[in-house]
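Read through the structure below, which is laid out as structure tokens, and then see the notes.
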Ligand code: S3P
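Numbering (this note's numbering), first residue to last: 998 to 1440.
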């Protein structure tokens, strides 16, 4: 039985060659809209990710009176309304599949003089929100969730937030950013302690918008009440989207692929380090800056077999969204790969440990699920009919496994690839992946 919606059919074998630029960084695209909307003046954005998640963030701000021009797919002009210029939305703000929209926007909505509701799709409605609700409540915000601690989030008008000093139990850029956004509306100083090294795009972009942000080791602080000033934002290609192609070229002998202008922020670079530990042939060329972020062209060649590696919590934080693709690398490597410290994968768009285990297991991979990761031993993969469980990263990771399977791979439930990677199939075809899409409906 096939699931209605978009499926990918991928023919086995082949290699990937050429030069491509994958779409803009999702995390940075969301932040450009949020900070542009809260700034004084007009923010110009280039390299924007025109995917459903970031479009949901734009729609939410439009519903609160912000004018956002979108003259080209990757260009935005955001007419900021200032920190206190948002208007009450007429209805609930539906952010679809986007955890980043929901968690970051909850922080700034907690500081408004009006009530708002944030809701999303079935996957987002299963994801934990207590991690933001607890610290926001400590700051004086009034929010309600379902009894399970999930969306919809009902946020009451603020009666005066105050800064807190908060130790995050789990390293999370979404929680950190949520609290820093609430902190802009709070009296005094908001400080967030990060037990890991979560992505720092918020800190970088706030500074570019003129906000003083203090970083002291694992602590980030800001003073409430600071105005944001419009800026120009140039967005690199998303290393999380590049990751599917990096793994693909590394597992397919004869590949020679260059991915242009990829963001190489040190908090996102785990995929490169992990693939190098597995023996991949990867070079970072033409390292430079694009706006506030480092970028490079990444060349990957399928010139030698990968081998297994131990990947622990330190590297997992720096590659959290790339672990599904790395499961595929591990299933095609010689020997055993142990991934641990990755509990957070269980609360992403799907339970990514379980969904990758199901997909690769159906292809014949030797894989044992662990509570916080997996033990994967490389070997032969056969053709299979598998599910993406509505998770964009599962769909794209499993598609790349076809390069090393001996039969066709069909992946159902791939519609959500549009959340982060519009044009994925066409771009993958252009460098040699034998992939096509089919749409099925319920009879
Ligand atoms: C994101 C942070 C990460 C990541 C997500 C995007 C962000 O989530 O998985 O895709 O833009 O801040 P966590 O903060 O939950 O680790």
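The C-beta atom is built at its ideal place from N, Cα and C for all residues, glycine as well.
Grouping DSSP H, G and I as helix and E and B as strand, with all else coil, what is residue i?
| i | result |
| --- | --- |
| residue 1246 | helix |
| residue 1443 | This structure cannot speak to residue 1443, because the chain is shown only from 998 to 1440. |
| residue 1389 | helix |
| residue 1084 | coil |
| residue 1010 | coil |
| residue 1207 | coil |
| residue 1227 | coil |
| residue 1380 | coil |
| residue 998 | Caution applies to residue 998, whose pLDDT of 49 falls short of 50 and renders its modelled position unreliable; the value that the coordinates give is listed next. Note: residue 998 maps to coil in three-state DSSP. |
| residue 1274 | helix |
| residue 1370 | strand |
| residue 1005 | strand |
| residue 1068 | strand |
| residue 1236 | helix |
| residue 1123 | helix |
| residue 1139 | coil |
| residue 1043 | strand |
| residue 1423 | helix |
| residue 1281 | strand |
| residue 1407 | strand |
| residue 1309 | coil |
| residue 1436 | strand |
| residue 1096 | helix |
| residue 1429 | coil |
| residue 1021 | strand |
| residue 1049 | helix |
Which whole-angstrom value is the C-beta distance of residue i and residue j, which I expect to be below 8 Å?
| i | j | result |
| --- | --- | --- |
| residue 1308 | residue 1341 | Contact flag wrong, Cβ pair sits at about 14 Å. |
| residue 1219 | residue 1017 | 38 Å between Cβ atoms; not a contact. |
| residue 1371 | residue 1354 | 6 Å |
| residue 1228 | residue 1080 | Residue 1228 to residue 1080, Cβ: 15 Å. No contact. |
| residue 1175 | residue 1103 | 6 Å |
| residue 1315 | residue 1264 | 6 Å |
| residue 1160 | residue 1187 | 4 Å |
Kindly identify the DSSP beta-bridge partner or partners of residue i.
| i | result |
| --- | --- |
| residue 1038 | 1077 |
| residue 1115 | 1090, 1150 |
| residue 1291 | 1286 |
| residue 1027 | Answer is none; residue 1027 lacks a bridge partner. |
| residue 1216 | 1190, 1213 |
| residue 1255 | 1016, 1296 |
| residue 1402 | 1378 |
| residue 1260 | 1292 |
Within 7 Å (strictly less), CB to CB, does residue i reach chain C?
| i | result |
| --- | --- |
| residue 1334 | Here there is only one protein chain, and chain C is not present. |
So which of the options has the shortest CA-CA distance to residue i?
| i | options | result |
| --- | --- | --- |
| residue 1268 | 1336, 1300, 1211 | 1336 |
| residue 1304 | 1325, 1315, 1157 | 1325 |
| residue 1203 | 1082, 1034, 1083 | 1034 |
| residue 1378 | 1396, 1404, 1354, 1051 | 1404 |
| residue 1444 | 1338, 1414, 1438 | Beyond the ends of the chain as shown, which are 998 and 1440, falls residue 1444; an answer cannot be given. |
| residue 1067 | 1052, 1344, 1295, 1159 | 1052 |
| residue 1071 | 1026, 1095, 1400 | 1026 |
| residue 1146 | 1158, 1164, 1123 | 1123 |
| residue 1333 | 1365, 1345, 1313 | 1365 |
| residue 1093 | 1148, 1399, 1110 | 1148 |
Enumerate, from N- to C-terminal direction, the unbroken alpha helix (DSSP H) stretches of 4 or more residues contained entirely within the segment 1316–1366. With a minimum length of 4 residues, the continuous alpha helix (DSSP H) runs that stay inside the segment 1316–1366 are 1320–1328, 1349–1359.
Ordered list of alpha helix (DSSP H) runs contained in the segment 1153–1212, each at least 4 residues: Correct list: 1170–1181, 1198–1205.
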